[in-house]
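>
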Amino acid sequence: MKNLFTATLALLFSVLLVRAFDPSFVVQDQNDGFRASTDLITECSKPDDLLEIEYIDLNPDPPQKGETLTIDFKGELSEEVPEGTMAEVTVKFGVVQLIKKNFDLCKEIKNIDEECPIPAGPLQITKSVDLPKEIPPGKYSVHAVVRTPEDKEVTCLNARVEFRRK
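With mature numbering (1 follows the signal peptide of the UniProt record, and there is no 0) as the guide, the letters of the sequence shown map in order to residues -20 to -1, 1 to 146.
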């Protein structure tokens, strides 16, 4: 369970801050005109959110247990993300809630060699994480909302993945 928790957090925070470009996967708002080649991650952001996501790329897509998942992300921050920014994360296995917790984003992003404040402007990061082969088969979903101490929404993301028996 700890490995799944660690992998989920790495995926989530990498998705929030990641780099490089591969147009094979575009995260999009459901109302956006962009074409997406996968539906594993969608934005639930509002138009005035601080982070505008250009793309997120997963390799492999879909993620496979026991393999290294590389997440590439590119976006633009309209304002600085300050210390004290929190991520409210809910992780479910099917309909069963595994985690519902607030995380200090600035403490967590140190794991991917980033730190707060995150300056306004372009944001690109790449993160690889080894997914444990022991992840139980099933459907997982993650809902994350990131807010500054002033309660400004940075972003909102929904992710889902199904790990099958090998």
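Just so it is clear, CB atoms sit at the ideal spot from N, CA and C, and this is done for glycine as well.
Could you tell me the distance, in whole angstroms, from the CA atom of Asp93 to the CA atom of Val75?
One C-alpha to the other measures close to 33 angstroms.
> In the DSSP output, which residue or residues are listed as bridge partners for Arg127?
Met66 and Glu133
> Could you tell me the distance, in whole angstroms, from the CA atom of Phe143 to the CA atom of Leu49?
13 angstroms
> My understanding is that Val141 touches Pro40, with C-beta atoms under 8 angstroms, so please give their C-beta distance in whole angstroms.
So it is not a contact: roughly 11 angstroms between Cβ atoms.
> Give the C-beta separation of Leu57 and Ile98 to the nearest angstrom, bearing in mind that I take them to be a contact with Cβ-Cβ under 8 angstroms.
6 angstroms
> Starting from Lys80, trace the beta strand (DSSP E) both ways and give me its first and last residue.
Val76 to Asp84
> Evaluate Ala100 with the Cβ neighbour count: other Cβ atoms within 10 Å of its Cβ, from every protein chain shown; 16 or more gives buried, anything less gives exposed.
exposed
> Three-state secondary structure (DSSP) at Lys107?
Annotated three-state conformation of Lys107 is strand, per DSSP.
> Give me whichever residues DSSP pairs with Pro102 in a beta bridge.
Glu56
> Do the segment 105 to 120 and the segment 130 to 137 make contact, defined as three or more Cβ pairs closer than 8 angstroms?
No contact exists between the segment 105 to 120 and the segment 130 to 137.
> For Lys45, is the classification buried or exposed, using 16 other Cβ atoms within 10 angstroms of its Cβ as the cut-off for buried?
buried
> Could you spell out where the beta strand (DSSP E) holding Asn39 opens and where it closes?
Leu31 to Asn39
> Which of the three DSSP states is assigned to Lys45 in this structure?
coil
> Going by alpha carbons, who is nearest to Ile33 out of Tyr120, Gln104 and Lys113?
Gln104
> Taking Cβ to Cβ, would you say Gly55 is nearer than 7 angstroms to Leu31?
In this structure, Leu31 lies closer than 7 angstroms to Gly55 by Cβ.
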